[in-house]
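Visitor:
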Amino acid sequence: MLTHPPKRLAERTLVLTLCGAALALAACKKDAATGDKATGDKVVTGAAPAPAAGNKITIGVLTDMSGLYADLAGKGSVIAAQMAVDEMGGKVADMAIEIVSGDHQNKPDIGSNIAREWYDAKGVDVIVDVPTSSVALAVSELTKTKNKVFLASGPGSSDLTGKACSPNTIHWTYDTWALANATGREIVKNGGDSWFFLAADYAFGAALERDVTKVVEASGGKVLGNVKHPLNAPDFSSFLLQAQSSKAKIIGLANAGGDTINAIKQAAEFGIVSKGQKLAGLLVFISDVNALGLETAQGLILSEAFYWDRDDQTRAFSKKFADKAGGAMPTMVQAGVYSSVLHYLKAIAELKSKDDGKAVVAKMEATPTDDVVFGKGTIDGNGRKRHAMYVYEVKSPAESKGKWDDYKLIREVPADQAFRAPADSGCSLLTK
17 MLTHPPKRLA ERTLVLTLCG AALALAACKK DAATGDKATG DKVVTGAAPA PAAGNKITIG
77 VLTDMSGLYA DLAGKGSVIA AQMAVDEMGG KVADMAIEIV SGDHQNKPDI GSNIAREWYD
137 AKGVDVIVDV PTSSVALAVS ELTKTKNKVF LASGPGSSDL TGKACSPNTI HWTYDTWALA
197 NATGREIVKN GGDSWFFLAA DYAFGAALER DVTKVVEASG GKVLGNVKHP LNAPDFSSFL
257 LQAQSSKAKI IGLANAGGDT INAIKQAAEF GIVSKGQKLA GLLVFISDVN ALGLETAQGL
317 ILSEAFYWDR DDQTRAFSKK FADKAGGAMP TMVQAGVYSS VLHYLKAIAE LKSKDDGKAV
377 VAKMEATPTD DVVFGKGTID GNGRKRHAMY VYEVKSPAES KGKWDDYKLI REVPADQAFR
437 APADSGCSLL TK
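FYI, in my numbering the residues of the sequence shown are 17 to 448.
Pasting the structure below:
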């Protein structure tokens, strides 16, 4: 079980001064390091002196390094950002590029404090990743006040492009509306018309339960009840017993990461599926499936924006990532960090400036996206990045050819249907 141990330092940062496109992350780590005792920062530099703040672009990867989302984001998100920077040659518009990373510990106050220090004292221009929607919503608001850029690959709440939309934020990879539209609709279509929700008690869980409920009810199904659990819950037995007693056909898991893994494991111990109810993993990552094993995860229906084995381009990207990540394949969150950083740097290259965050986001929205992980895409006026979503079923052990060969495709949801129509989002930016 993943836990996040208490820390006296609110921030653990790693600064990677890029030594050029050919220099790998591992090589940079071998260079001399200096520590800042006041902040806990570690600075790793190459042979060249660090450029002045105005002559560099600083990317902050704000993520979960130690908790229940560390496997789906964490250090892998830093690697993904580095890959995008390397692809751009380590320099854009005569500005060197630097990456800093921090652990928000899934706490909005810690995440906000790190983001504020980065913007005010560290010269950070853009914050990326940020799994945990409550942290992301706080960072989005702060980013707007500082006129910086926030590229949200990790969080799920569709409120980021709805009532909490911002001219400085782009929600990149997935959201709760897309998950409901893909996974929820697929399950209801196949007879799963009565639901009980087991939801994480924070912004993401609430948004996912809300959005799936709308799909279930619009499709003629009904919701019989719900129970909320704390983030990083150590024991799901009481919650699962409530779900079991509801007699609902589907137990919807409106959670993620370690919480999803533990809920599925304990449901298997209780024999819930063998007794006739089915689990709906409403946000399941390939890292979760790998942790569960196919024997336990087989048959799960899930939605992803990215799967490493989808085509030749995703396989090539994933091999490069795995070589840097100890053999682990990238999750869609990590792929989204790569994609968002790449598009951001391309916008800076055209603008020749990084200083006006709102202008940078406007340039990104005006420019179609195209990369090896998501293919061609666009960005809506409410900040919603738009690309295809894919509905998969987890393979049985007999169907799998080996480790990470986990999914079989059920259907593709095209980009124009995969995400909520901007007019339905409630974003105030679209009414101005």
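Glycine included, C-beta positions come from ideal geometry on N, C-alpha and C.
In three-state terms, what does DSSP make of valine 140?
Guide: Residue state, collapsed to three classes: coil.
Visitor: In the DSSP output, which residue or residues are listed as bridge partners for isoleucine 449?
Guide: Residue 449 is absent from the model: the chain starts at 17 and stops at 448.
Visitor: Kindly identify the DSSP beta-bridge partner or partners of leucine 78.
Guide: According to DSSP, leucine 78 bridges with Gly118 and Asp145.
Visitor: Straight-line CA distance for glutamate 27 to alanine 234?
Guide: Low per-residue confidence applies at glutamate 27: pLDDT is 38, beneath 50, and the placement is therefore not dependable enough to give any value.
Visitor: Suppose contacts are defined by Cβ-Cβ distances below 7 Å. Is valine 300 in contact with leucine 88 by that definition?
Guide: Cβ distance not < 7 Å, so valine 300 and leucine 88 don't count as in contact.
Visitor: According to DSSP, what are the bridge partners of alanine 89?
Guide: DSSP, once it has assigned bridges, lists no residue as partnering alanine 89.
Visitor: From the DSSP output, read off the bridge partner residues of arginine 400.
Guide: Its beta-bridge partners are His187.
Visitor: Are the CB atoms of alanine 180 and leucine 224 within a distance shorter than 7 Å?
Guide: No, Cβ-Cβ distance for leucine 224 and alanine 180 is not below 7 Å.
Visitor: What is the residue span of the alpha helix (DSSP H) that leucine 445 lies within?
Guide: Note, leucine 445: premise wrong, no alpha helix (DSSP H); not H, not E.
Visitor: Which whole-angstrom value describes the C-beta separation of serine 355 and tryptophan 188, a residue pair presumed to lie in contact below a C-beta threshold of 8 Å?
Guide: Contact holds; Cβ gap of about 7 Å.
Visitor: So the beta strand (DSSP E) valine 243 belongs to, where does it begin and stop?
Guide: Counting along the chain, the beta strand (DSSP E) containing valine 243 begins and ends at 238-245.
Visitor: According to DSSP, aspartate 102 sits in a beta bridge with which residue or residues?
Guide: Per DSSP, none; premise fails for aspartate 102.
Visitor: On the three-state DSSP scale, how would you describe leucine 84?
Guide: Three-state DSSP puts leucine 84 in coil, outside helix and strand.
Visitor: Would you kindly work out how many angstroms separate the C-alpha atoms of alanine 5 and phenylalanine 322, rounded to a whole number?
Guide: Shown here, the chain extends from 17 to 448; a query on residue 5 therefore has no answer.
Visitor: For the candidate residues Gly397, Phe212 and Thr330, whose alpha-carbon lies nearest to that of aspartate 440?
Guide: Looking at the Cα atoms, Gly397 is the closest of the given residues.
Visitor: Tell me whether tyrosine 135 sits in a helix, a strand or coil according to DSSP, three-state version.
Guide: Helix.
Visitor: Which residues bound the alpha helix (DSSP H) around serine 182?
Guide: From DSSP, serine 182 is part of no alpha helix (DSSP H); its letter is neither H nor E.
Visitor: Measure the alpha-carbon distance for aspartate 209 versus lysine 91 and round it to whole angstroms.
Guide: The alpha-carbon atoms of aspartate 209 and lysine 91 are separated by roughly 39 Å.
Visitor: Just how far apart, CA to CA, sit phenylalanine 454 and threonine 276?
Guide: In the structure displayed, the chain extends from 17 to 448; residue 454 sits before or after that span and is not available.
Visitor: Could you name the residues of the same chain whose beta carbon sits closer than 6 Å to that of lysine 160, not counting the 5 residues immediately before and after it, in chain order?
Guide: So the qualifying residues of the chain are Ser182 and Asn184.
Visitor: Which residue wins for smallest C-alpha separation from threonine 74, given the options Leu195, Ile364 and Gln314?
Guide: Ranking the options by Cα distance to threonine 74, first place goes to Ile364.
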